[in-house]
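Protein sequence lines, in the order shown, are assigned to chains A and B.
Final position of the first sequence in the working numbering is 237; the numbers increase by one with none missing.
Final position of the second sequence in the working numbering is 1237; the numbers increase by one with none missing.
2 protein chains.
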Amino acid sequence: MCIIYTYMWQEQKIKIAVDAIVFGYSNNTLNVLLVKQKFGLLKDTWVLVGGFVQNNEALKDAVARELKEEAGIEVNYLEQLYTFGDDINRDPRDRVISVAYFALVNSTELHLTADTDADDAQWFPIYNIPKLGFDHNKIIEVALERLKNKLSYQPIGFDLLPEEFLFSELENLYCTLLNKEIDRRNFRKKFLSYNVIEETNKMGGKGTGRPAKLFKFNKQKYQLLEKEGFHFDIKFA
Amino acid sequence: MCIIYTYMWQEQKIKIAVDAIVFGYSNNTLNVLLVKQKFGLLKDTWVLVGGFVQNNEALKDAVARELKEEAGIEVNYLEQLYTFGDDINRDPRDRVISVAYFALVNSTELHLTADTDADDAQWFPIYNIPKLGFDHNKIIEVALERLKNKLSYQPIGFDLLPEEFLFSELENLYCTLLNKEIDRRNFRKKFLSYNVIEETNKMGGKGTGRPAKLFKFNKQKYQLLEKEGFHFDIKFA
DNA sequence: CATGTATGTGTAAATAATACACAATTATAG
DNA sequence: CTATAATTGTGTATTATTTACACATACATG
């Protein structure tokens, strides 16, 4: 039964890393943030933002640090996604277990600033991700699945949009990510019925056609309603 | 930018463990499996089944191994829950990050067999969990939340029941765990409408009252329907 | 054989989801 | 300046789903 102690005798040689899958959205396209490895075995291959956890550092702090160091960004939303540690050889150098985090930003407002070289960090459209180092393509797949699922039952779409947005942008986001056609009227009706997005008095349409109102998400109100048992739920035929 | 290499210079001293939250259900009560520490700082305190991961061992294999070694059981359902690594001092000895897994068994059919001492492993009703070592009380909370949520949109309730069960047992499970009253007729109607549970020709009521049919869950059929876009969804007023 | 207890079933009302079309507002082109 | 193209904004009828609700059936017990 003294399993724990048995294993303490055998020195553990596993390293622990964090990786961040950062999603951005602009021009009706979902993007993923990647960085280029500059050294080592995988020099010049693209990978997710990530790195090893420091001895006295919380996991989530490690992610925030890497995001700042490697891409110079702060994110709107961050949650733990999954811990990848079943494939013993996912890192060719050592046994590394990676705790993957899932992050959302509005990439239209975002400046990527890699320390030494501006080309180091870049957005890639989700339908055009290159072959990445480690198991990072797999990790992105898992993250995308999570994003799609959450979109329907948590109001995280707003973290991919600017503070103030057009209804057509919101609609496009849902259509694009869920790959479904939506009735514009029913979509708007349902969203408005939840009373969590508010009309501003600004207008935002720039192109042709009738100018559109800008809306914004009232997060406070949402959190209040949630405590009272309200369930966000956007589904389509 | 060479973050990864920077941290390799600083030797990482983090240990990685797995812990399993095993839920069982019997007598209309949800139970959690706990084991008693036999050595070390936390001797005689109750904790979750768990231990350190071996160098060449997949995370999920580590969990399965611990479950077998510490309690002698195999589980119906196992999924990764969350990785606890934000509290630097969650283990008083060293920095330990724990990947927690969430497991379901039908505890009525279950023999607990701890290697050396039968008292080592025991079921505790969820409403009567003692103060545990480490942050294990917290972990159980997270797991319970997950269980409650999943119950509504994945057919995992069956993994807590025997192969063949009464409708009243299924109903009780949902009532108890979700802490809601359910209309017996509507519950049955909805469940049957999904066509994933089948009537056997056996009867199973033992006590007083009209004898009841035994039903069983057809997992194959469920997985088939799922591929065709079917979504399991049990909600109540 | 009467009583208690749990099982098994149908229907009407209310609510939510879907399908669907046209007027309003601006930019642009002729 | 007028016509056209493009996009926003809105309501209602139909259908499907969810909810509420009550009584007959089968066995065990005394």
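Each residue gets a CB set at the ideal place from its N, CA and C atoms; glycine is no exception.
These figures come from a predicted structure and were not determined experimentally.
For the beta strand (DSSP E) assignment, the uninterrupted runs of no fewer than 3 residues enclosed by the region 85–140 of chain A are, from N- to C-terminal side, 96–105 and 121–125. When beta bridges are read from the DSSP output, A:L166 appears opposite A:L214. Think of a sphere of 8 Å around the beta carbon of A:A58: the chain B residues whose beta carbon falls inside it are G1085, D1086, D1087 and I1088, in chain order. Bounds of the alpha helix (DSSP H) holding B:V1063 are L1059 to A1071. Closest option to A:V35, judged by alpha-carbon separation, among A:D135, A:F124 and A:S152: A:F124.
Listed in chain order, the alpha helix (DSSP H) runs fully inside the region 20–47 of chain A amount to none, counting runs of at least 4 residues. At a beta-carbon threshold of 7 Å, the residues of chain B lying near A:I14 are I1016, V1053 and N1055, ordered along the chain. Under the DSSP assignment, B:K1202 falls in the beta strand (DSSP E) whose first and last residues are I1197 to M1203. Apart from the 5 residues on each side of it in sequence, B:V1047 sits with its Cβ closer than 7 Å to the Cβ of L1034, V1035, Q1037, L1132, G1133, F1134 and H1136 in its chain, given in chain order.
In this structure, the alpha-carbon of A:C175 lies about 26 Å from that of B:I1234. Counting the other Cβ atoms within 10 Å of the Cβ of A:G24 gives 16 or more, which makes it buried. Interface with chain B (8 Å Cβ-Cβ cutoff): A:V99 is included. With a threshold of 16 other beta carbon atoms within 10 Å, A:Q223 falls short and is exposed. Assigned with DSSP and collapsed to three states, A:Q80 falls in strand. Within the region 1152–1184 of chain B, no residue has its Cβ closer than 7 Å to any Cβ of chain A.
The alpha-carbon of B:K1138 is positioned some 27 Å away from that of A:E145. Rounded to the nearest whole angstrom, the CA to CA distance from A:V49 to B:R1065 is 33 Å.
With respect to the C-alpha of A:F167, the residue from A:S152, A:E141 and A:E199 having the closest C-alpha is A:E199.
Under the Cβ criterion of 8 Å, B:Q1080 is counted among the residues facing chain A. Listed by position along chain A, the residues whose Cβ is nearer than 9 Å to that of B:R1146 form an empty set, because the closest Cβ is around 13 Å away.
Taking A:G229 as reference, the option from A:G209, A:K213, A:D19 and A:Y194 with the minimal CA-CA separation is A:Y194. Straight through space, the alpha carbons of A:G40 and B:Q1054 are spaced by roughly 26 Å. Residue-level contact check: B:R1210 does not touch chain A, since none of the beta carbons of chain A fall below 8 Å from its beta carbon. By the rule that beta-carbons nearer than 8 Å mark a contact, A:R95 touches chain B. Annotation: A:Q220 to A:P211 spans about 28 Å, alpha carbon to alpha carbon. Between A:F52 and A:I16, the beta carbon gap of about 7 Å places them in contact (Cβ cut-off 8 Å).
Here A:L112 has A71 and A121 as same chain residues with Cβ atoms under 6 Å from its own Cβ, once five neighbours each way along the sequence are excluded. B:Q1080 and B:S1098 have their C-alpha atoms spaced approximately 11 Å apart. Here B:D1019 is buried. Its C-beta has 16 or more other C-beta atoms within 10 Å. In the three-state reduction of the DSSP assignment, A:K15 falls in the strand class. Inter-residue distance for B:N1031 and B:A1100 is about 17 Å (C-alpha atoms, whole angstroms).
The Cβ neighbour count for A:A237, taken over all protein chains shown within 10 Å, is under 16; the residue is labelled exposed. For a cut-off of 8 Å, the C-beta gap from B:D1086 to A:L59 is around 6 Å, short enough to register as a contact. Secondary-structure assignment with DSSP links B:F1052 through a beta bridge to B:A1017. Between B:F1215 and B:F1165, the gap from beta carbon to beta carbon is short of 8 Å. In the structure shown, A:Q154 adopts coil according to DSSP, grouped into three states.
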